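Engineer: Under the working numbering, the residues of the sequence shown are numbered 298 to 934, in order. Dropping the structure in here first, questions after.
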Amino acid sequence: MRTALLLLAVCLPALPARAGQAAGGGPVLSREDFNRLAVQNGVPLYWAPEAAPGPLPSPAALLPVGRADISRYAAGGALTREFEAAYRRLVQARRLEAVRRELDQGLPVLIHNDFRKAPRAERALARHLSAAARIIDELYEEQKGSLRLRASIPAGDAASRALFERNHGPWCEAPLTEDDPFCSAVPSFPQKLSDAYPKGWEQDAAMCESLRGRPDGRSLLDPFTVVRLDAKGESAAASLVSAYGARMRLVAAELRRAEAALGADEAVFQRYLRGAAAGFEGGDWAEADEAWAAMNGRNSRWYLRVAPDETSFEACQEKAGFHLAWARIDQAALAWQDRLAPLRQELEDSLAALIGPRYQARKVAFKLPDFIEVVLNAGDSRPGLGAISGQSLPNWGKVAREGRRRTMVMSNIGADPESRRIARRKAEALLAPEALAWYTDDREPGNLGVILHEAAHNLGPHTDSLVDGKSPSEIFGGRLDGVLEELKAQTAALWYIELLKRKGIITADFARQAYVHEIAWAFGHIALGMFSDGDNPKPYSQLAAVQIGTFLRDGAMGVVRTGGRELFSLDFEKLPASVERLMRVVGRIKAEGDAAAARALVDDFVAGEGSRLVRLEEVQSRLRRFPKSSYSYTVRY
């Protein structure tokens with residue numbers, strides 16, 4: 298007990314002053330929580346109602362329960378040290394409540410792979426990639442600003458350690474707790490500040506806009522840099538290698554050992570391992586990207602991406618986060634590749650024609666998706682809740698500019714029986730019977746949606762397109778650009794369904810199943826809320842709100858009362874035209890670099906009049922009661 302109290306005295310923020318806000322940034326208990334937790338934790342005090350309550354009870358409002366000696370807690374018109382110790386215990390109890398509530402919103406799912414009886418080369422590959430993954434987790438936590446906080450988890454606090462491991466840090470991410478100020482794996486309630494920017498900076502939208510408006514803004518917000526202060530206190534861009542070189546070189550060493558373990562039958566994979574190792578050593582990813590583009594499901598049994606790629610971990614959504622994704626190639630993709638490969642240029646040309654003269658069709662040569670069965674995810678590839686179901690990479694560089702990205706669909710994500718059961722129950726909670734009739738547990742319609750979404754990142758105006766010499770990030774800012782690019786890709790995924798139906802590649806029934814799957818997917822993201830960390834947009838949630846709101850406004854969706862509940866209906870005759878109208882709007886916004894139109898479109902459905910159509914609160918109340926899959930990975934070798 299004495300050790301625990303000492304730990305709290307060291308780690309918790311200072312108590313608030315009677316008339317002020319919480320000192321040290323820590324949260325304060327409400328009167329209701331104080332009284333409730335006092336009963337649970339054997340603190341014989343009652344905080345009586347006050348005319349002008351402050352963050353702490355006034356000594357006069359602090360009453361003894363039963364025969365308790367009030368002088369131990371309040372004396373001489375002031376609160377005592379014993380009260381301070383008791384209050385800290387209650388804060389700790391409230392924190393642990395929030396931690397457990399955060400964890401309870403996850404449905405544990407384990408992806409288990411056993412290589413112990415595999416050939417020696419595969420066992421060695423598993424050993425070295427698992428070692429690399431552990432270092433990638435550390436690198437990603439260093440980027441997030443959480444690695445230094447790991448030592449602050451209280452000894453013996455299993456729940457807080459589980460939260461930290463799941464979320465790559467002490468901060469909560471589940472819908473019901475992400476805004477709870479008490480939800481933290483660390484008793485000092487540290488502010489969420491990434492390592493991408495100098496210590497002491499307020500990491501918010503204003504900072505991002507300030508950096509973007511500077512003459513050197515392009516270099517400061519380059520995805521493969523961090524911002525540091527020089528000897529004169531001036532901000533300057535520094536490479537990832539300069540910031541994280543020691544750990545990056547450890548990753549490179551494991552990748553080179555993995556390469557050495559493989560035989561000549563995996564020469565293409567070996568080339569990628571060499572290129573990725575060179576990237577981690579020197580910070581130049583061009584060699585790795587070229588090797589990446591050369592890999593496919595026909596020349597290797599394995600899939601691996603290890604690099605800094607996606608930009609969701611920090612306030613500006615500009616900096617690339619380290620991740621590792623290792624998988625087996627699933628040969629089921631080959632049939633879809635053979636059907637869709639001849640259509641790639643037609644997909645590009647048709648989208649260009651819809652957008653109009655501001656966008657000229659390019660010659661595209663991107664790889665159609667490989668299906669992969671995930672073995673191991675680490676770093677940014679392993680979110681605390683949910684999992685990446687598809688991806689198209691790289692996001693920048695020559696391979697991206699030339700339309701040669703590699704695209705993949707994770708075929709074993711969401712495939713477990715419990716995840717599929719919950720997905721159906723969520724659909725039942727929102728869809729009218731006529732729409733629900735087209736919901737299927739068959740994964741093929743959903744797989745097609747992911748294929749088309751990821752393919753669409755390579756079509757039309759994209760992340761490396763320039764408008765008047767400016768990149769999308771410079772025009773829209775990283776936050777809005779992230780929403781727009783995902784909105785383009787997901788709307789295109791819906792728009793291309795009609796083209797595939799006209800071509801006879803899918804049936805009319807399959808098209809309806811695909812539409813319903815994507816509508817259910819959109820509602821799932823709406824339920825997660827529109828923002829994280831106060832004002833940081835969630836791209837998938839915001840694109841989903843724009844889509845559902847548009848379809849409702851156009852009459853392609855409706856609300857009907859069935860069995861005493863309001864449910865969403867779909868008009869399959871009107872839906873294609875509504876999708877096409879939205880696709881044209883989004884495509885032209887990106888092609889013209891119209892930031893004002895982009896902001897107006899998104900804001901309307903996220904916080905404006907259009908948000909009422911989406912019924913955000915009702916969707917969230919119905920779906921948030923279902924847990925979201927939380928993936929863990931075991932590799933035995």
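The beta-carbon is built from N, C-alpha and C at its ideal position, and this holds for glycine as well. The structure presented is a predicted model; accordingly, all values stated were derived computationally and were not measured.
(1) Where residue 345 and residue 461 are concerned, what is the direct C-alpha to C-alpha distance, given to the nearest angstrom?
(2) Helix, strand or coil: how does DSSP classify residue 739 here?
(3) Among 873, 751, 852, which one has its Cα closest to the Cα of residue 799?
(4) Rounded to whole angstroms, what's the CA-CA distance from residue 574 to residue 382? Just pull it up for me.
(5) Report the residue from 463, 862, 579, 599 whose alpha carbon sits nearest the alpha carbon of residue 562.
(6) Could you give the DSSP three-state label for residue 706: helix, strand or coil?
(7) In the DSSP assignment, find the unbroken beta strand (DSSP E) run with residue 411 in it and report its ends.
(8) Rounded to whole angstroms, what is the Cα-Cα separation between residue 588 and residue 569?
(9) Beta-carbon separation of residue 607 and residue 594 under 7 Å?
(10) Would you tell me roughly how many angstroms separate the C-alpha atoms of residue 650 and residue 323, rounded to the nearest one?
(11) Quick check: the segment 656-676 against the segment 443-458, are at least 3 beta-carbon pairs closer than 8 Å?
(12) Nearest by alpha-carbon distance to residue 722: which of 834, 846, 817, 491 is it?
(13) Tell me the start and end of each unbroken alpha helix (DSSP H) in the segment 445-479 that is at least 4 residues and wholly inside, in chain order.
(14) Looking at C-alpha atoms only, which residue of 739, 571, 516, 586 is the closest neighbour of residue 811?
(15) Check whether the segment 910-928 and the segment 845-864 touch, using three or more Cβ-Cβ pairs below 8 Å as the test.
(16) So, helix, strand or coil for residue 693, using DSSP?
(17) Could you tell me the distance, in whole angstroms, from the CA atom of residue 402 to the CA atom of residue 471?
(18) For the alpha helix (DSSP H) containing residue 331, name the first residue and the last one.
(19) Below 7 Å between beta carbons: does that hold for residue 808 and residue 921?
(20) What are the complete beta strand (DSSP E) segments, minimum 3 residues, inside the segment 710-770?
(21) Leaving aside the five residues before and after residue 479 along the sequence, list all residues of the same chain whose C-beta is less than 7 Å from its C-beta, in chain order.
(22) Go through its chain and collect everything with a Cβ distance to residue 939's Cβ below 8 Å, but skip five positions before and after it.
(23) When you compare each of 896, 550, 351, 414 to residue 432 by their alpha carbons, which one comes out closest?
(24) Flag this pair as touching only if the segment 356-363 and the segment 414-425 have three or more C-beta atom pairs under 8 Å; answer yes or no.
(25) What does residue 865 pair with, by DSSP beta-bridge criteria?
(26) Since residue 412 and residue 876 should fall inside the 8 Å C-beta cutoff, what is the C-beta to C-beta distance between them, to a whole number of angstroms?
(27) Rank 534, 496, 335 by C-alpha distance to the C-alpha of residue 388 and give the top, closest one.
(28) With distances taken from CA atoms, which of 654, 849, 766, 330 is nearest residue 879?
(29) Taking the alpha carbon of residue 782 as the reference point, which residue from 624, 623, 918, 750 has its own alpha carbon closest?
(30) If you compare alpha carbons, which of 640, 904, 605 is closest to residue 545?
(31) Are the segment 703-712 and the segment 759-768 touching, with three or more C-beta to C-beta distances below 8 Å?
(32) So the candidates are 468, 495, 473, 474; which of them puts its Cα closest to the Cα of residue 484?
(33) Taking DSSP as the reference, what is the three-state secondary structure of residue 500?
(34) Indicate whether residue 409 and residue 441 have their beta-carbon atoms separated by less than 7 Å.
(35) Measure the Cβ-Cβ separation of residue 747 and residue 686 and say whether it is below 7 Å.
(36) For residue 251, does the three-state DSSP call read helix, strand or coil?
Structural biologist: With the given structure in hand:
(1) One-based indexing of the sequence shown puts residue 345 at position 48. One-based indexing of the sequence shown puts residue 461 at position 164. Those two C-alpha atoms are separated by around 36 Å.
(2) Counted from its first residue, the sequence shown places residue 739 at position 442. Note: residue 739 maps to coil in three-state DSSP.
(3) Taking the sequence shown and counting its residues from 1, one reaches residue 799 at position 502. Nearest C-alpha to residue 799: 873.
(4) The residue you call residue 574 lines up with position 277 of the sequence shown. The residue you call residue 382 lines up with position 85 of the sequence shown. Taking the straight line joining both Cα atoms gives about 52 Å.
(5) The count along the sequence shown starts at 1 and reaches residue 562 at position 265. Taking only the C-alpha atoms, the option nearest residue 562 is 599.
(6) Residue numbering aside, residue 706 sits at position 409 when the sequence shown is read from its first letter. In the structure shown, residue 706 sits in a strand (DSSP, three-state: E or B).
(7) Within the sequence shown, numbered from 1, the residue matching residue 411 stands at position 114. Segment 403-411, the beta strand (DSSP E) holding residue 411.
(8) Counted from its first residue, the sequence shown places residue 588 at position 291. Counted from its first residue, the sequence shown places residue 569 at position 272. Cα to Cα, residue 588 sits roughly 5 Å from residue 569.
(9) On the sequence shown, residue 607 is found 310 positions in, with the first residue counted as 1. On the sequence shown, residue 594 is found 297 positions in, with the first residue counted as 1. Their beta carbons are not under 7 Å apart, which means residue 607 does not touch residue 594 by this criterion.
(10) Against the sequence shown, residue 650 aligns to sequence position 353. Against the sequence shown, residue 323 aligns to sequence position 26. Going from the Cα of residue 650 to the Cα of residue 323 covers about 55 Å.
(11) no
(12) Counting from 1 along the sequence shown, the entry for residue 722 is found at position 425. Closest by alpha carbon: 817.
(13) 455-464
(14) Taking the sequence shown and counting its residues from 1, one reaches residue 811 at position 514. The residue with the shortest Cα to Cα distance from residue 811 is 739.
(15) yes
(16) The residue labelled residue 693 in the question sits at position 396 within the sequence shown. Residue 693: coil per DSSP, three-state reduction.
(17) Counting from one through the sequence shown, the residue named residue 402 turns up at place 105. Counting from one through the sequence shown, the residue named residue 471 turns up at place 174. Going from the Cα of residue 402 to the Cα of residue 471 covers about 6 Å.
(18) One-based indexing of the sequence shown puts residue 331 at position 34. Note, residue 331: alpha helix (DSSP H), 328-337.
(19) Counted from its first residue, the sequence shown places residue 808 at position 511. Counted from its first residue, the sequence shown places residue 921 at position 624. The answer is no: Cβ separation not under 7 Å.
(20) You should have found no qualifying run.
(21) In the sequence shown, residue 479 corresponds to position 182, counting from 1. Taken in chain order, the residues that qualify are 324, 391, 392, 395.
(22) Absent from the structure is residue 939, since the part of the chain shown begins at 298 and ends at 934.
(23) Here residue 432 is taken as the residue at index 135 of the sequence shown, counted from 1. Closest by alpha carbon: 550.
(24) no
(25) Looking up residue 865 in the sequence shown gives position 568. DSSP output for residue 865 lists 728, 856 as bridge partner(s).
(26) Start at 1 with the first residue of the sequence shown, and residue 412 comes out as number 115. Start at 1 with the first residue of the sequence shown, and residue 876 comes out as number 579. In fact, because the Cβ distance is near 44 Å, the residues do not count as touching under 8 Å.
(27) To locate residue 388, count along the sequence shown from 1; it is residue 91. That would be 335, whose Cα lies nearest to the Cα of residue 388.
(28) Walking along the sequence shown from the start, residue 879 turns up at place 582. Of the candidates 654, 849, 766, 330, the one whose C-alpha sits nearest the C-alpha of residue 879 is 849.
(29) In the sequence shown, residue 782 corresponds to position 485, counting from 1. For the residues 624, 623, 918, 750, the minimum Cα distance to residue 782 belongs to 750.
(30) Residue numbering aside, residue 545 sits at position 248 when the sequence shown is read from its first letter. With distances taken between Cα atoms, residue 545 lies closest to 605.
(31) no
(32) As a first step, residue 484 must be located in the sequence shown, where it is residue number 187. Out of 468, 495, 473, 474, 468 has the C-alpha closest to the C-alpha of residue 484.
(33) Position 203 of the sequence shown, counted from the start, is the residue given in the question as residue 500. Here residue 500 carries a coil assignment [DSSP, helix/strand/coil].
(34) Taking the first residue of the sequence shown as position 1, residue 409 is located at position 112. Taking the first residue of the sequence shown as position 1, residue 441 is located at position 144. Going by C-beta atoms, residue 409 is not nearer than 7 Å to residue 441.
(35) To locate residue 747, count along the sequence shown from 1; it is residue 450. To locate residue 686, count along the sequence shown from 1; it is residue 389. A contact, by the Cβ cut-off of 7 Å.
(36) There is no way to answer for residue 251, as the model of the chain reaches only from 298 to 934.
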